[in-house]
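Asker:
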Amino acid sequence: MEAIYLVITILFLVIGYGFFHGVLEPAFVFFLNRPVYVHLYLKPLKLAQTERLILHQHSPFFKRLPPKRQAYFEHRLRTFLNTVAFEGREIEISEEMKIRIASVYVMMTFGMRNYLTGSFERIVLYPDSYQSTITGYLHDGEFNPSHKVIVFSWAAFERGCCVDNDNLNLAIHEFAHAIYLHSLRKPNEAEAMFASRYQSIRNMIRDEKQRQALFDNGYFRDYGYTNEYEFIAVMLEHFFETPSDFRRQYPRLYKQVSEMMNYRAA
Numbered sequence: 079m080e081a082i083y084l085v086i087t088i089l090f091l092v093i094g095y096g097f098f099h100g101v102l103e104p105a106f107v108f109f110l111n112r113p114v115y116v117h118l119y120l121k122p123l124k125l126a127q128t129e130r131l132i133l134h135q136h137s138p139f140f141k142r143l144p145p146k147r148q149a150y151f152e153h154r155l156r157t158f159l160n161t162v163a164f165e166g167r168e169i170e171i172s173e174e175m176k177i178r179i180a181s182v183y184v185m186m187t188f189g190m191r192n193y194l195t196g197s198f199e200r201i202v203l204y205p206d207s208y209q210s211t212i213t214g215y216l217h218d219g220e221f222n223p224s225h226k227v228i229v230f231s232w233a234a235f236e237r238g239c240c241v242d243n244d245n246l247n248l249a250i251h252e253f254a255h256a257i258y259l260h261s262l263r264k265p266n267e268a269e270a271m272f273a274s275r276y277q278s279i280r281n282m283i284r285d286e287k288q289r290q291a292l293f294d295n296g297y298f299r300d301y302g303y304t305n306e307y308e309f310i311a312v313m314l315e316h317f318f319e320t321p322s323d324f325r326r327q328y329p330r331l332y333k334q335v336s337e338m339m340n341y342r343a344a
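Take 79 as the starting number for the sequence shown in the working numbering and just add one per residue.
Listed below in structure tokens is the structure:
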């Protein structure tokens with residue numbers, strides 16, 4: 079009898095799983111432009127008071143969240159720190175530095191259910207600009223998917239966070255590359271939403287007339303027009319740093335990015 083109950087339970091779970099991923103989630107994404115849920119943690123991880131204080135000092139996004147969602151943020155940040163390795167090159171990495179870097183990633187992916195990406199496993203930190211082993215030139219940061227590593231100059235990271243409305247943020251830029259690559263590798267509905275919305279944006283910037291209009295306006299800096307890969311990174315810098323300006327100048331594009339990130343920045 080117990081075996082029968084076990085088989086029935088497993089059968090219901092399989093059917094439920096299939097219904098959720100085959101019917102319910104696709105319907106939510108199609109009609110509401112969002113996944114069924116984003117945050118669901120059986121036993122949320124917490125930060126120490128000293129770590130939480132760092133967030134209050136350096137993360138305006140965290141400070142604006144209500145207590146319940148701050149708890150979600152803490153869980154994700156602790157999970158990130160438990161998952162991603164940090165390596166210092168000619169610099170000693172403090173817990174504060176780790177938390178500040180991780181907080182940018184958690185902010186960017188806060189609207190995504192599967193927020194941890196296999197696109198990178200390590201973050202390497204230099205004190206200042208460094209010579210890239212890939213290009214041989216001096217860099218402030220880079221994302222190397224083949225080695226699953228993101229590299230930052232700490233000085234450049236701080237410059238990006240110090241001024242929060244100049245649309246120049248190294249951490250957002252490099253994390254954007256990793257998130258984009260992650261979205262292409264994850265076919266489930268929640269993450270496919272990112273790729274599908276970006277496809278619409280990519281079609282727009284491939285249109286010569288629309289691309290030239292964007293360029294002539296001057297809102298997005300010139301580097302974003304290097305290629306599509308860089309455009310999404312520059313676009314997300316603007317989205318997170320000057321969302322009100324973004325929405326005012328490009329309401330349709332802003333809506334697409336909001337849906338892509340499952341995020342409302344302004």
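We put the beta carbon where it would ideally sit given N, CA and C, even for glycine.
#1: Excluding five sequence neighbours on each side, which residues of the same chain lie with their C-beta closer than 7 Å to the C-beta of Phe358?
#2: Specify the secondary structure class of Val241 as computed by DSSP and reduced to three states.
#3: Identify every run of the alpha helix (DSSP H) within the stretch 108-176, keeping only runs that are complete inside it and at least 4 residues long; order them along the chain.
#4: Specify, as a first and last residue, the run of the beta strand (DSSP E) that Asn222 falls within.
#5: For the candidate residues Pro321, Ile257 and Ala163, whose alpha-carbon lies nearest to that of Ser197?
#6: Can you check which of these residues, Gln148, Gln135, Pro144 and Arg142, is closest to Leu123 by C-alpha distance?
#7: Output yes or no for whether 8 Å exceeds the beta carbon distance between Phe309 and His255.
#8: DSSP three-state call for Phe235: helix, strand or coil?
#9: Using 8 Å as the threshold, is the C-beta distance between Ala193 and Ser231 below it?
#10: State yes or no: is the C-beta of Lys176 within less than 8 Å of the C-beta of Arg200?
#11: Once the 5 residues before and after Arg263 are set aside, which same chain residues still bring their CB inside 8 Å of it?
#12: Does the distance from the CB of Glu152 to the CB of Leu118 come in under 8 Å?
#13: Count the C-beta pairs between the stretch 179-193 and the stretch 130-146 that are closer than 8 Å, then say yes if the count reaches three, no if not.
#14: Count the other CB atoms, across all protein chains shown, that sit within 10 Å of the CB of Leu131; report buried if there are 16 or more and exposed otherwise.
#15: From the DSSP output, read off the bridge partner residues of Tyr208.
#16: Got a sec? Which residues, its chain only, sit under 7 Å from Arg326 by beta carbon, not counting five neighbours each side?
#17: Run through DSSP, which three-state label would Arg280 get?
#18: For the 8 Å Cβ check, are there 3 or more pairs between the stretch 209-219 and the stretch 242-253?
#19: Quick check: the Cα distance between Val116 and Met190, rounded to an integer number of angstroms?
#20: Could you compute how far the alpha carbon of Asp206 sits from the alpha carbon of Glu236?
#21: Distance, Cα to Cα, Ser278 vs Asn160?
#22: So what does Val182 bridge to, in DSSP terms?
Answerer: In brief:
#1: Limits of the chain in this structure are 79 at one end and 344 at the other, which puts residue 358 out of reach.
#2: To locate residue 241, count along the sequence shown from 1; it is residue 163. It is coil, neither helix nor strand.
#3: Runs found: 127-136, 138-142 and 145-161.
#4: Position 144 of the sequence shown, counting from 1, holds the residue named residue 222. Taken as a continuous stretch (DSSP letters only), the beta strand (DSSP E) holding Asn222 covers Gly219 to Asn222.
#5: For this step, residue 197 is matched to residue 119 along the sequence shown. Selected option, being the one with the closest Cα: Ile257.
#6: In the sequence shown, residue 123 corresponds to position 45, counting from 1. Answer by Cα proximity: Gln148.
#7: The residue given as residue 309 occupies position 231 in the sequence shown. The residue given as residue 255 occupies position 177 in the sequence shown. Taking 8 Å as the Cβ cut-off, Phe309 and His255 do not qualify as a contacting pair.
#8: Position 157 of the sequence shown, counted from the start, is the residue given in the question as residue 235. Note: Phe235 maps to helix in three-state DSSP.
#9: For the purposes of this step, residue 193 is taken as residue 115 along the sequence shown, with counting starting at 1. For the purposes of this step, residue 231 is taken as residue 153 along the sequence shown, with counting starting at 1. Looking at the sequence provided, one finds Tyr at residue 193 rather than Ala. Taking 8 Å as the Cβ cut-off, Tyr193 and Ser231 do not qualify as a contacting pair.
#10: Translated into positions along the sequence shown, residue 176 becomes position 98. Translated into positions along the sequence shown, residue 200 becomes position 122. Not in contact: Lys176 and Arg200 (Cβ atoms no closer than 8 Å).
#11: For this step, residue 263 is matched to residue 185 along the sequence shown. So the list reads Gly196 and Ser197, once near-sequence residues are dropped.
#12: As a working note, residue 152 is residue 74 in the sequence shown. As a working note, residue 118 is residue 40 in the sequence shown. Contact flag unset, no.
#13: yes
#14: Position 53 of the sequence shown, counted from the start, is the residue given in the question as residue 131. It counts as exposed.
#15: Taking the first residue of the sequence shown as position 1, residue 208 is located at position 130. Partner(s): His217.
#16: As a working note, residue 326 is residue 248 in the sequence shown. None.
#17: As a working note, residue 280 is residue 202 in the sequence shown. Helix.
#18: yes
#19: Locating residue 116 in the sequence shown gives position 38, counting from the first residue. Locating residue 190 in the sequence shown gives position 112, counting from the first residue. Roughly 6 Å between the two C-alpha positions.
#20: As a working note, residue 206 is residue 128 in the sequence shown. As a working note, residue 236 is residue 158 in the sequence shown. Cα-Cα distance, rounded: 10 Å.
#21: Here residue 278 refers to the residue found at position 200 of the sequence shown. Here residue 160 refers to the residue found at position 82 of the sequence shown. Roughly 35 Å separates the two Cα atoms.
#22: Along the sequence shown, read from residue 1 onward, the residue named residue 182 stands at position 104. Per DSSP, none; premise fails for Val182.
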